[in-house]
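Notes for the one structure printed next.
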Amino acid sequence: MSSEPNVLLEIVEPSIYRLTINRPKALNALNRATIAELGAALATVAADHDARVLLVTGAGDKAFVAGADIRAMQDMSPIEGQGFARETMAVFRQLETLAIPVIAVVNGYALGGGCELAMSCDWIVAGENAVFGQPEVNLGLTPGFGGTQRLTRLVGRARALELITTGRQIKADEALRWGLVNHVFPAAQLMDEALTMARQIASKAPIAVRLSKEAVQRGQDLDLDNACQFEAQVFGLAFSTEDKREGVAAFLDKRTPSFSNR
Ligand code: HXC
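Per this note's numbering, the sequence shown runs over residues 21 to 282.
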């Protein structure tokens, strides 16, 4: 067994974290150990009050994540399979509900569980070499890490069902047209472009960024009246922060604000 960690977590610049799924020989396929390490890494990020952005990517230049580990699933019983799906969904939900923005940096294949991992991030930037798909029907399986639900919410029922029932894989440009991906960059520039985006977020008022994410996320599961009520509460809460006083004063003084995360 390899002693290399399956998940690498680094602080690439102050307040910017990068998490890398690190099984390049298996195209970063997700097994249970990797999912457990992912959960632990996310707990570390969640506990850091200075964390402002998380980038999620895959090791190597070929794959983001090529899916759940097919070899590991070969001898699983139905109950074990269900347990694997549930454990992973809980960790992906941990990722999705992290207080700070999370950007998937998709540097190659994002298939099956890999596409599901990318969709659990707040948005996706992709290299021109990226490929997305839910090919589980080729294996006699269904998506099991939230793909039937998140893909449908992101691209609509017709497109989601087309991908899921045909197993067709789409390239970055088509994923961009479908709205699955926010931006496509040449592969060699992908991480730099993602870092530029991360720096932009990290320069903004951190509590306002976190509250905005919470309002968008919670609001999605509420009716419009309750969602707007929640937004009003969040908006009011922002008035209690030092960063709101600083941001407004800096605008009126025609200077750059200096935010303190308080
Ligand atoms: C385990 C995998 C893997 C996977 C690739 N590998 N994908 N191992 N699980 N999902 C391994 C290969 O076995 C091979 O190992 C090595 O990575 C390189 O892969 P190749 O196939 O040789 O590379 P290439 O020919 O370039 O093809 C790339 C590929 C293909 C098109 C991405 O590997 C592929 O189709 N992979 C499977 C994709 C898939 O079906 N994903 C969905 C999985 S099901 P060796 O040892 O031979 O070098 C899923 C369900 C989620 O995700 C829900 C579960 C509850």
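Heads up, the beta-carbon is just placed ideally off N, CA and C, and yes, glycines get one too.
Beta-carbon proximity check, residue i vs residue j, cutoff 8 Å
i           : j           : result
residue 195 : residue 148 : no
residue 95  : residue 122 : no
residue 76  : residue 39  : yes
residue 350 : residue 176 : Nothing can be reported for residue 350: it is not among the residues displayed for the chain, which extend from 21 to 282.
residue 150 : residue 126 : yes
residue 170 : residue 107 : no
residue 156 : residue 134 : no
residue 152 : residue 99  : no
residue 49  : residue 85  : yes
residue 271 : residue 225 : no
residue 200 : residue 144 : yes
Contacts around residue i, its chain only, beta-carbon distance under 7 Å, and the 5 residues preceding and following it disregarded
i           : result
residue 71  : 35, 37, 65 and 120
residue 80  : 44
residue 114 : 59 and 62
Exposed unless 16 or more other CB atoms sit within 10 angstroms - verdict on residue i
i           : result
residue 112 : buried
residue 89  : buried
residue 26  : buried
residue 173 : exposed
residue 206 : exposed
residue 158 : exposed
residue 41  : buried
residue 178 : exposed
residue 31  : exposed
residue 136 : buried
residue 63  : exposed
Short CB-CB distance (under 8 Å) between residue i and chain E
i           : result
residue 125 : Judged by its chain identifiers, the structure shown contains no chain E, having just a single protein chain.
Nearest-angstrom Cα separation, counted from residue j out to residue i
i           : j           : result
residue 227 : residue 241 : 22 Å
residue 239 : residue 187 : 32 Å
residue 230 : residue 268 : 18 Å
residue 59  : residue 117 : 12 Å
residue 102 : residue 163 : 12 Å
residue 166 : residue 138 : 11 Å
residue 266 : residue 146 : 35 Å
residue 140 : residue 274 : 38 Å
residue 197 : residue 204 : 10 Å
residue 87  : residue 160 : 14 Å
residue 83  : residue 54  : 15 Å
residue 33  : residue 252 : 33 Å
residue 91  : residue 97  : 13 Å
residue 181 : residue 202 : 21 Å
Same chain, Cβ closer than 8 Å to residue i, five either side skipped, listed in chain order
i           : result
residue 282 : 227, 261, 262 and 263
residue 61  : 27, 29 and 39
Sequence-distant residues of its chain with Cβ nearer than 6 Å to residue i (five each side left out)
i           : result
residue 184 : 154
residue 57  : 26 and 27
residue 291 : The structure shown does not extend to residue 291, since the chain spans only 21 to 282, so no value can be given for it.
Does the stretch 208–216 come within contact of the stretch 244–254, defined as at least 3 CB pairs closer than 8 Å? Under the three-pair Cβ rule at 8 Å, the stretch 208–216 does not count as touching the stretch 244–254.
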